[in-house]
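A.B. asks:
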Amino acid sequence: MLDTPAYAAEAAKAPLGPSSIQRREPGPREVLIDILYCGVCHSDIHQARDEWGDAIFPMVPGHEIIGRIARVGGEVQRWKLGDTVGVGCFVDSCRDCEACKAGEQQYCANGMTLTYNGRERGSQAPTHGGYSTRITVDQDYVLRVPEGIPLERAAPLLCAGITTYSPLKHFGLKQGDALAVVGLGGLGHMAVKIGAAMGARVTVLSHSPGKREDALALGASDFIATRDPAVFSEHKGRFDMILDTVSAAHDYNAYLGLLRRDGTMVLVGVPEPSDLAAIALIGQRKRLAGSLIGGIQETQEMLDFCAAHQVAADVEVIDIADINTAYERMLRSDVRYRFVIDIASLAAR
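Next up, the structure:
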């Protein structure tokens, strides 16, 4: 076992602080990765504060991991020492269910093994994430980071990038389609970039009028401030697809009214429950759907797409010692648009 510096939450709502965890030497089909960068996802806050329940402490968050292969097991064929790789939201799945065989490991019928705040298959040992200097992962759950994406800007692609790419691809966004992105945060800013790269005409819908300039700079062609309820009448039936990234409570019925006939609204945020009127769907044969990250194959496809189209996250790189401040700033929406930890700041401690 390898003593590994980390930052951990020792209990719900406790501040994160220096810690040490054990990483195993790689097994025959595993690789050991030296972590370079780790993105900070809003879900890290929810889980470190046990806001979703079933939290395992001490907890080392982080599922947007970029690093380099440091050691390989004897049967590893896909990777070699020095390869630049990523690890996203999960590190294993059952591999036998219909979803896993289809490459949709995120929908594993027996539950994917989360990169952190999960339990390893077999040993049931708690999993720990990327707020640490290294991680050991099965070779089949590792992703290749293409050349051309700055590594610190690649980290959020492993969650925010795939969370937005997957539904746009799955629900058939086409060149020339009118896409609305609800919310302009960590997820929303990636949705704008990826949607624009797919050739859609992107409009940002935001409660914050001050985000107009950012939205246009990110690639949106239009911006609608939703504080004025009149805009929902003015833009009725305008969009082919709506990608809703917001995790605060809001009225789905109002947004469904913005869809054209046969339009699709996809939820990727996790808000409190909202009332839904059937007439908002049946009147124009609309769909309300949900989506959760992507499988290994699709995540690799997303990374390659982003490299080909020069798409990357907008980030603020931080020292690990600033993680608690970063959490508070995230809660105030005071980041444009994703914090990324330089793990060298942890390795040097």
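According to our numbering, the sequence shown is numbered sequentially starting from 5. Beta carbons are placed, not taken as given, at the ideal position from N, Cα and C, and that holds for glycine. Here the structure is a predicted model, which means the values were calculated and not measured.
#1: Tell me the residue span of the beta strand (DSSP E) that contains residue 301.
#2: Could you pull out every residue in the same chain whose Cβ sits closer than 6 Å to the Cβ of residue 346, ignoring the five residues on either side in sequence?
#3: Count the other CB atoms, across all protein chains shown, that sit within 10 Å of the CB of residue 334; report buried if there are 16 or more and exposed otherwise.
#4: What's the C-alpha gap between residue 79 and residue 35?
#5: Where are the beta strand (DSSP E) runs, 3 residues long or more, that stay fully inside the region 131-205, in chain order?
#6: What are the complete alpha helix (DSSP H) segments, minimum 4 residues, inside the region 323-353?
#7: Let me know the secondary structure DSSP gives residue 246 once reduced to three states.
#8: Measuring only the C-alpha atoms, how far is residue 109 from residue 234?
#9: Measure how close the beta-carbons of residue 297 and residue 167 come, nearest whole angstrom, since I'm counting them as under 8 Å.
#10: To the nearest angstrom, how far is it from the Cα of residue 16 to the Cα of residue 154?
#11: Contact defined as beta carbons within less than 8 Å: I believe residue 273 pairs with residue 251. What is the distance between those atoms, to the nearest angstrom?
#12: Return the residue from the list 197, 152, 202 and 151 that minimises the CA-CA distance to residue 173.
#13: Whole angstroms is fine: what's the gap from residue 223's alpha carbon to residue 92's?
#14: Name the residue from 72, 184 and 244 whose alpha carbon lies nearest to the alpha carbon of residue 42.
#15: Counting Cβ pairs, one atom from each stretch, are 3 or more of them under 8 Å apart for the region 21-35 and the region 141-151?
#16: Is residue 177 near residue 307, with beta carbons less than 8 Å apart?
#17: Tell me which same chain residues have a C-beta within less than 8 Å of the C-beta of residue 290, skipping the five on either side of it?
#18: Run through DSSP, which three-state label would residue 320 get?
#19: Please name the residue, chosen from 81, 199, 14 and 19, that lies closest to residue 327 on a Cα-to-Cα basis.
#20: From the DSSP output, in three-state form, read off residue 47 for me.
#21: For the beta strand (DSSP E) that contains residue 23, what are its first and last residues?
#22: Would you check if there are 3 or more beta carbon pairs closer than 8 Å linking the region 205-225 to the region 180-190?
#23: Where residue 228 and residue 213 are concerned, what is the direct C-alpha to C-alpha distance, given to the nearest angstrom?
#24: In the structure shown, what three-state DSSP assignment does residue 55 receive?
#25: Compare the C-alpha of residue 158 against each of 271, 169 and 344 and name the closest.
C.D. replies: Based on what the coordinates show:
#1: By 1-based counting over the sequence shown, the position of residue 301 is 297. That residue, residue 301, is in no beta strand (DSSP E); its alpha helix (DSSP H) goes 300-312.
#2: What you label residue 346 is simply residue 342 of the sequence shown in a count that begins at 1. Here the set comprises 321.
#3: Reading the sequence shown from its first residue, position 330 is the one you call residue 334. It counts as buried.
#4: Translated into the one-based positions of the sequence shown, residue 79 becomes position 75. Translated into the one-based positions of the sequence shown, residue 35 becomes position 31. Straight-line Cα distance between these residues: approximately 10 Å.
#5: 138-142 and 182-186
#6: 327-335 and 348-351
#7: Translated into the one-based positions of the sequence shown, residue 246 becomes position 242. Three-state DSSP puts residue 246 in a strand.
#8: For this step, residue 109 is matched to residue 105 along the sequence shown. For this step, residue 234 is matched to residue 230 along the sequence shown. Computed Cα separation, rounded: 42 Å.
#9: Here residue 297 refers to the residue found at position 293 of the sequence shown. Here residue 167 refers to the residue found at position 163 of the sequence shown. 5 Å between Cβ atoms; contact.
#10: Residue mapping note: residue 16 aligns to position 12 of the sequence shown, counting from 1. Residue mapping note: residue 154 aligns to position 150 of the sequence shown, counting from 1. Computed Cα separation, rounded: 34 Å.
#11: As a position in the sequence shown, residue 273 is number 269, starting the count at 1. As a position in the sequence shown, residue 251 is number 247, starting the count at 1. Indeed, because the Cβ distance is near 4 Å, the residues count as touching under 8 Å.
#12: What you label residue 173 is simply residue 169 of the sequence shown in a count that begins at 1. Measuring from the Cα of residue 173, the nearest candidate turns out to be 202.
#13: Within the sequence shown, the letter at position 219 stands for residue 223. Within the sequence shown, the letter at position 88 stands for residue 92. Their backbone Cα atoms lie some 25 Å apart in a straight line.
#14: If you number the sequence shown from 1, residue 42 lands on position 38. The residue with the shortest Cα to Cα distance from residue 42 is 72.
#15: The region 21-35 is in contact with the region 141-151.
#16: Position 173 of the sequence shown, counting from 1, holds the residue named residue 177. Position 303 of the sequence shown, counting from 1, holds the residue named residue 307. Not a contact, by the Cβ cut-off of 8 Å.
#17: Along the sequence shown, one-based indexing puts residue 290 at 286. Counting only residues of its own chain and dropping the five nearest sequence neighbours on each side, residue 290 has a CB closer than 8 Å to the CB of 260, 263, 265, 266, 267, 268, 269 and 284.
#18: Indexing the sequence shown from 1 puts residue 320 at position 316. In the three-state scheme derived from DSSP, where H, G and I count as helix and E and B as strand, residue 320 is classed as strand.
#19: Numbered from 1 along the sequence shown, position 323 holds the residue referred to as residue 327. When only C-alpha atoms are compared, the closest one is 19.
#20: Against the sequence shown, residue 47 aligns to sequence position 43. In the structure shown, residue 47 adopts helical secondary structure according to DSSP, grouped into three states.
#21: As a first step, residue 23 must be located in the sequence shown, where it is residue number 19. Taken as a continuous stretch (DSSP letters only), the beta strand (DSSP E) holding residue 23 covers 21-27.
#22: yes
#23: As a working note, residue 228 is residue 224 in the sequence shown. As a working note, residue 213 is residue 209 in the sequence shown. The straight-line gap from Cα to Cα measures roughly 8 Å.
#24: In the sequence shown, counting from the first residue as 1, residue 55 sits at position 51. In the structure shown, residue 55 sits in coil (DSSP, three-state: anything other than H, G, I, E or B).
#25: In the sequence shown, residue 158 corresponds to position 154, counting from 1. Answer by Cα proximity: 344.
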